[in-house]
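**Student:** I am attaching a structure below and will ask some questions about it afterwards.
Put into structure tokens, the structure is as follows:
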């Protein structure tokens, strides 16, 4: 006899399929959703706290007592100042009673006679100091009228004749044809023309060379007093005196 299997209800059990893990994109999406929810709740909480703080501040302001009204000052009547009554004046005093009692006259001592002043001795004649002679100006002085023979020519003879008219090794030495032995030689000038313009210092070539130190050549420069003497002589018109 065949045996029947027991009666079965429901569907046959099925095997579970393989579990699928979420991808990285899905995880990031879930994280972003959580961050948005947390930020929204934080904003709501912050707004609620600010609202409650404003309510408390308004309640405290309403509870403060209002300042009491100030009363206007009332004008109190002032008493008038006291009046002073003049005091009774004393009766006038007569001139006889007010005058001081007479005093005894005081004797003043007589002045002693003064001795007459002694005669002053007659003035004695004091000898006048002898006039001192003024020192003669050195070579190169520019006081007063400058003399060519006494002031200018001695400078030429001491400092310039060596190259302009002097004798060197038995021969006369005349550079650039300029002689400074006589007045005529000075006005004659050199090969290039006159070296002195009477009355015109700026256009006198000789003065320019002396001031610049070009003359005398390879020798010490003229002293300032000597330069002033020659310059003053030219300013005065370079006279032959």
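Residue numbers (my numbering): 229 to 469. Glycine residues also receive a C-beta, built at the ideal position from the N, C-alpha and C atoms. Just so it is clear, the structure is predicted and the values come from calculations on it, not from any experiment.
Looking only at C-alpha atoms, which of 455, 273, 393 and 391 sits nearest to residue 432?
**Tutor:** Closest by C-alpha distance to residue 432, out of 455, 273, 393 and 391, is 455.
**Student:** Are residue 423 and residue 409 closer than 8 Å when you measure CB to CB?
**Tutor:** no
**Student:** Could you please give me the residues that DSSP links to residue 401 through a beta bridge?
**Tutor:** 394
**Student:** If you check the beta carbons only, do residue 429 and residue 457 fall under 8 Å apart?
**Tutor:** no
**Student:** With H, G and I counted as helix, E and B as strand and the rest as coil, what does DSSP make of residue 421?
**Tutor:** strand
**Student:** Can you tell me where the alpha helix (DSSP H) with residue 428 in it begins and where it stops?
**Tutor:** Where residue 428 is concerned, there is no enclosing alpha helix (DSSP H), given that its DSSP letter is neither H nor E.
**Student:** Between the alpha carbons of residue 264 and residue 286, how many angstroms are there, rounded?
**Tutor:** 33 Å
**Student:** Pull up the CB-CB distance for residue 444 and residue 391, whole angstroms please, since I reckon it's below 8 Å.
**Tutor:** Between residue 444 and residue 391, the beta carbon gap of about 7 Å places them in contact (Cβ cut-off 8 Å).
**Student:** What does the Cβ neighbour count give for residue 387, buried or exposed, with the cut at 16 atoms within 10 Å?
**Tutor:** buried
**Student:** Rounded to whole angstroms, how far is the Cβ of residue 418 from the Cβ of residue 404, which I believe are closer than 8 Å?
**Tutor:** Taking C-beta atoms under 8 Å as the contact rule, residue 418 and residue 404 qualify, at a distance of about 4 Å.
**Student:** Roughly how many angstroms lie between the CA atoms of residue 385 and residue 420, to the nearest whole one?
**Tutor:** 22 Å
**Student:** Have a look at 270, 437, 411 and 254 and flag the residue whose alpha-carbon is nearest the alpha-carbon of residue 379.
**Tutor:** 411
**Student:** Quick check: the Cα distance between residue 469 and residue 374, rounded to an integer number of angstroms?
**Tutor:** Taking the CA atoms as reference points, residue 469 sits about 8 Å from residue 374.
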